[in-house]
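**Q**
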Amino acid sequence: MLKIFISSVQKEFVTERAAIRDYIRSDVLLRRFFDVFLFEDLPASDRRVDNVYLDQVDRCGIYLGLFGNEYGPANAEGLSATEREFVRATAIGKTRLIFVKGTDDKGRHPKMAALVRRAGAQLIRRRFVGIADLTSAIYASLVEHLEQTGGLRTKPFDASACPDATLADLSREKLADFLTAAKAERGYAIGPRTSTQKVLAHLNLLDGGKPSHAAVLLFGKKPQRFLITSEIKCMHFHGTEVQKPIPSYHIYKGTVFELVDQAVDFVMATLARAVIPRDGKVASDVEYELPWKAVREAIVNAVTHRDYTSNASVQVMLFADRLEVWNPGELPPPLTIAGLRVPHASIPHNPLIAEPMFLATYAEKAGSGILDMIKLCRAAGVRAPEFRQSGGQFIQTLWRPKAAVAAQSDRPSRTTQSAIQSGDGPEKAHDEAHDKSRSKGKADSRTTQSDDPVTRLLSALRGGVLSPQALRQAVGLTHRQTFRMNYLRPALKAGFIERTIPGKPTSHLQKYRLTIKGRAWLAAHRKEIKDT
């Protein structure tokens, strides 16, 4: 087993050093080949500190250097512990992996800045922002080291090249959208205009110049062309058991980001919700029977941490009393079902997928997702989520309120059943059921606005001109394709709304506003919209 010496005993990297140690010792692959030396783990000893850490550099197989803003206390020769460790590792020919904190050298101590430049003249450094970015970069570097030294004959799935895929199979638009979000939300160093190859290299998504499986899943034009079971299956049952015919069944395809958005939209569109008007404002707050963030977290967990070598797909099943999210794969040791309910380390099954999910704000800080789900559900007054393993599947269960269960029928309505059997699909069944209940004057007591997509869109535009992103937020959607197909296009086709820049439909400055026809329609249906 190869020992990794992690540099720096200064206070700047206390959290990062412990996170790296825990990550390597808990990862199923890395712990087979590596162990970590931390100065903090040594017992008390009658030896000089500098002699101890330099001796450990001599004994290690890999020197992992963390270079930050602080230089640290210097000895009589004016050298900090970090610089002496680097000099010793260089002199005796150790493998050196250097990770530099921050996207630039602003605020860095002059001596540390000089050390960063010195290291850069000898080897390839990697910059990082945050622990998730750092652990992902270390994972990629250690896997590459094992491959080069013969420790690994086959790379992990997410790091290995996707057969037959080329850079042309990746979407430049999807990559640019990701980079825009990552830079705005996480301060990511790479901007949206950066070349595809450079971005993939920075995210460790290239294998021999070819896109890896992770690259295809994250940014592929058609990921399921290469990874057919990466799709996500969503089902809605009116009762508490799986019964056929399934009232509503959708199979979604796309990148991991798109899969999450589509599945979340599927669930949230079905859950009961209450619209709470805000005084003096056009927009309203919407409260769902299950917290949106908890639902999203469960689906993100399934898509990010599933076993992509399995022939099974992620399944999202909404029952009258619960939401179940199934994904192929087992909890990595030493994690246990009981251990998920207490603070625990993050051990991603696919680290190279997990990092971009974090950068795009689909996932939060390491190891907190399950705990956040539990807190959110308890705060909403619903039963805490449950987790279990069964038949190679990890299953997350979120319990719906009892009021929602009572409102659900154990069998689909005749309208829904006949629509499905006739091949019209669940969308038409929903619309017919809605129209029928509206004609009888039986509105859902938990809602104060229409469920019709176009009506919701027009209502959101009563306040003025909005961008596509603001409109999606106003109607409670995250998935762009669903928004375009079910909301935007029908409203444009009907002449209810118009573009502010009609000559450039795809302009990033594009916004939408109501037409005279749209305002007239809203005025004519004002009472109906208010009552439904």
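Just remember that this note's numbering sits 413 ahead of the position in the sequence shown, which is counted from 1. Where a beta carbon is used, it is the ideal one built from N, C-alpha and C, also for glycine. Computed from a predicted structure; not experimentally measured.
Evaluate G604 with the Cβ neighbour count: other Cβ atoms within 10 Å of its Cβ, from every protein chain shown; 16 or more gives buried, anything less gives exposed.
**A** Answer is exposed; the Cβ neighbour count stays below 16.
**Q** Alpha helix (DSSP H) containing N714: first to last residue?
**A** Counted as a single uninterrupted DSSP element, the alpha helix (DSSP H) harbouring N714 occupies residues 705-718.
**Q** Tell me, please, which residues DSSP counts as bridged to K416.
**A** Here K416 is bridged, per DSSP, to D448.
**Q** By Cβ distance, which residues of its chain are closer than 6 Å to A553, with the 5 residues on each side in sequence left out?
**A** N617
**Q** Which first and last residues belong to the beta strand (DSSP E) in which Y925 is found?
**A** 925-927
**Q** Which value, in whole angstroms, describes the spacing of the CA atoms of V500 and K596?
**A** 34 Å
**Q** Decide if Q469 is buried, meaning its Cβ has at least 16 other Cβ atoms within 10 Å, or exposed.
**A** buried
**Q** Might you give, ordered along the chain, the residues of its own chain that have their beta carbon closer than 6 Å to the beta carbon of A578, omitting 5 neighbours on each side?
**A** P624, V629, F639
**Q** Quick check on G533: does DSSP put it in helix, strand or coil?
**A** helix
**Q** How is G652 classed by DSSP in three states: helix, strand or coil?
**A** DSSP places G652 in coil when its eight states are reduced to three.
**Q** Roughly how many angstroms separate the alpha carbons of E710 and G481, rounded to a whole number?
**A** E710 and G481: Cα-Cα distance of roughly 32 Å.
**Q** Do A589 and T642 come within 8 Å of each other at the CB atom, strictly closer than that value?
**A** It is not a contact, given that the beta carbons lie outside the stated cut-off.
**Q** Can you list, in chain order, the stretches of the beta strand (DSSP E) that have 3 or more residues and sit fully within the segment 592-659?
**A** 645-649
**Q** How long is the line joining the alpha carbons of K635 and V655, rounded to whole angstroms?
**A** 30 Å
**Q** Are R434 and L415 closer than 8 Å when you measure CB to CB?
**A** no
**Q** Can you tell me which of the three DSSP states E702 falls into?
**A** Looking at E702 - three-state DSSP - the assignment turns out to be coil, as it is neither helix nor strand.
**Q** Using only CA atoms, which one of P747, P761, L703, L748 lies nearest to Y721?
**A** P761
**Q** Sort out for me which residues DSSP pairs M770 with in a bridge.
**A** Looking at the DSSP assignment, M770 forms no beta bridge with any residue, so it has no partner.
**Q** Can you grab the Cα-Cα spacing for the pair V888 / P745, in whole Å?
**A** Roughly 38 Å between the two C-alpha positions.
**Q** For T876 and R932, what's the separation of their Cα atoms in angstroms?
**A** Before going further, note that residue 876 is Gly rather than Thr in the sequence given. Between G876 and R932, the C-alpha separation is close to 11 Å.
**Q** For N488, list the residues DSSP reports as bridge partners.
**A** In the DSSP output, where bridge partners are listed per residue, N488 has none listed.
**Q** Can you tell me which residues form a DSSP beta bridge with S493?
**A** A487
**Q** V755 lies in the beta strand (DSSP E); which residues open and close that run?
**A** Taken as a continuous stretch (DSSP letters only), V755 belongs to no beta strand (DSSP E), as it is neither H nor E.
**Q** If I measure Cβ to Cβ from P814 and keep anything under 7 Å in the same chain, skipping five residues before and after, which residues do I get?
**A** Result list for P814: E702, V795, in chain order.
**Q** Skipping 5 residues on each side, what residues in its chain have a beta carbon closer than 6 Å to that of A767?
**A** T717, P761
**Q** What are the boundary residues of the alpha helix (DSSP H) that includes E429?
**A** 427-439
**Q** When DSSP builds the beta bridges, which residues end up paired with T508?
**A** I475
**Q** Counting only the same chain and skipping the five closest in sequence on each side, list residues whose C-beta sits under 7 Å from that of D896.
**A** This sequence places Phe at residue 896; Asp is not what is there. Once the five neighbours on either side are set aside, the close Cβ partners of F896 are R885, L890.
**Q** Using 8 Å for Cβ pairs, my map puts A572 next to H651. What's the rounded Cβ distance?
**A** Contact flag wrong, Cβ pair sits at about 43 Å.
**Q** When the Cα of R599 is compared with those of M648, E586, F541, which residue comes out closest?
**A** F541
**Q** Can you tell me which of R497, T548, D546 puts its alpha carbon nearest to the alpha carbon of M525?
**A** R497
**Q** Nearest to T653 by alpha carbon, out of T609, E737, C575?
**A** E737
**Q** With H, G and I counted as helix, E and B as strand and the rest as coil, what does DSSP make of F541?
**A** When DSSP states are grouped into helix, strand and coil, F541 belongs to the strand group.
**Q** Please state the DSSP three-state secondary structure of E777.
**A** Coil.
**Q** Taking only the alpha-carbon atoms, compute the straight-line gap between G752 and L922 and give it to the nearest angstrom.
**A** 48 Å
**Q** Quick one: what does DSSP say T810 is sitting in, helix, strand or coil?
**A** strand
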